[in-house]
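Have a look at the structure below before the remarks.
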Amino acid sequence: MDELDRRIINALQGGFPICDEPYREAAERLGITEAGLIERIERMLAEKTLTRFGPMFQVERMGGAFVLAALAVPEADYERVAEAVNAQPEVAHNYRREHALNMWFVLATEAPEGIAAAIDKIERDTGLTVYAFPKLKEYFVEMRLAA
Amino acid sequence: MNQGRSDFSPTTADVGLKPDLHPDDRRLIVATQSGLPLVPRPYHALAEQLGLTAVDVMARLARLLEEGVIRRIGAVPNHYALGYTANGMSVWDVPDERIDALGEQVGRLSFVTHCYHRPRALPLWPYNLFAMVHGKSRDAVEAQVAQIAVLLGADCRAHDVLYSSRILKKTGLRIGSSL
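So the protein lines, in turn, are chains A and B.
Every letter in the first sequence is one number past the one before it in this note's numbering, and letter 84, counting from 1, is 84.
Every letter in the second sequence is one number past the one before it in this note's numbering, and letter 103, counting from 1, is 250.
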């Protein structure tokens, strides 16, 4: 990643234009060519410096639900439980964290009712209690980090 | 006490505000969720793919952005690739009657990327304020967590930081193409 990549990332973590030729407009603001910008974005996607280039959605505003949940998994059983949890299509991410609650995952469903069904399924498949932490209030969400 | 179970039903903050999503909006979301076409006229390319006009595609995207269905349009960096390899989920037990004021203040800190009020699950989990902190090292995250502790002062009754030690799955949400 070079200086221009950093400038592109910092300038384009939002505010990509909605117009006929948005790459040209964004490139002009950065002082580069349209083709140059497209090529850089393609390369950063291929190198996985960028995970995506496009709209970021807020699933709740589409009628879906997003719920953080955790399990206290016995160490000896960890791999089996991780496999069972990951097998659920509703599980969008899953992380091991160091705590008595040592598996933290996000359930994302297209309808709020899907959350309860996914929790039931995980409890049946793992034999463990799912602790759910639905957000009661969002104070801030902005996954924008300086490159 | 069967903690957690009584809490799982999505709250008003989780439930959709737009159950009336138009089928064309939905098709547009499905078509763009893996990214925008990397061609000079991406909205025209989408329009052609969906059998809509470019004007309609742009108007729909602008409206979805205004309504918050789209948070923003642009580059989504891989934070590990940017060097943010340490991320800690800092969790705090603060008085419920003070949490909104405190959550707003914590959310304004530059290194906090997500900040939420979530339910406790006593006795295992006394924490009700969650703040995700990203840093380029464990030390950086710890220094940032210390700043949150100073900000909360006596309102913080207990806290912890849970570091992710392994990514078990990371796919993100995928909206199906069926209605």
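Where a beta carbon is used, it is the ideal one built from N, C-alpha and C, also for glycine.
Of all C-beta pairs linking the region 94 to 109 of chain A to the region 52 to 70 of chain A, three or more are shorter than 8 angstroms, placing the two stretches in contact.
Residues of the region 40 to 67 of chain A whose Cβ lies closer than 7 angstroms to any Cβ of chain B, in chain order: 41, 42, 48, 49, 50, 51, 52, 53, 54, 55, 56, 57, 58, 59, 60, 61, 62, 63, 64, 65, 66 and 67. Under the three-state reduction of DSSP, residue 94 of chain A is assigned to strand. Residue 19 of chain A sits exposed, since fewer than 16 C-beta atoms from the chains shown fall within 10 Å of its C-beta. For residue 276 of chain B, the closest alpha carbon among the candidates B:247, B:169, B:283 and B:257 is that of B:247. In this structure, residue 281 of chain B keeps its C-beta atom at 8 angstroms or more from the C-beta atom of residue 237 of chain B.
A Cβ-Cβ contact shorter than 8 angstroms links residue 15 of chain A with residue 219 of chain B. Put simply, of A:63, A:118 and A:139 the residue whose alpha carbon is nearest the alpha carbon of residue 70 of chain A is A:118. Taking a C-beta distance under 8 angstroms as the contact criterion, residue 85 of chain A and residue 132 of chain A do not qualify as a contact pair. By the rule that beta-carbons nearer than 8 angstroms mark a contact, residue 300 of chain B does not touch chain A. Short of 8 angstroms from the beta carbon of residue 252 of chain B, and not among the five residues preceding or following it, lie these beta carbons of its own chain, in chain order: 298. Around the beta carbon of residue 290 of chain B, a 10 Å sphere encloses fewer than 16 other beta carbons of the protein chains shown; the residue is thus reported as exposed. Secondary structure note for residue 108 of chain A: its beta strand (DSSP E) is the uninterrupted segment 103 to 109. For a Cβ distance threshold of 9 angstroms, nothing in chain B lies close to residue 2 of chain A: the least Cβ distance comes to about 13 angstroms.
For residue 247 of chain B, the chain A residues whose Cβ falls inside 9 angstroms of its Cβ are 137 and 139, in order along the chain.
By the criterion of a C-beta distance shorter than 8 angstroms, residue 262 of chain B is surrounded in its chain by 250, 253, 254, 276, 277, 278 and 279, once the five residues flanking it on both sides are discounted. Nearest to residue 105 of chain A by alpha-carbon distance, out of A:92, A:115 and A:142, is A:92. Looking at the DSSP output, residue 52 of chain A shares a beta bridge with B:223.
In the DSSP annotation of this structure, the continuous segment of the beta strand (DSSP E) that includes residue 307 of chain B starts and ends at 305 to 317. Inclusion of residue 292 of chain B and residue 233 of chain B in the CB contact set at 8 angstroms is not warranted, their separation being larger than that value. Look at residue 173 of chain B here: in three-state DSSP terms it is helix.
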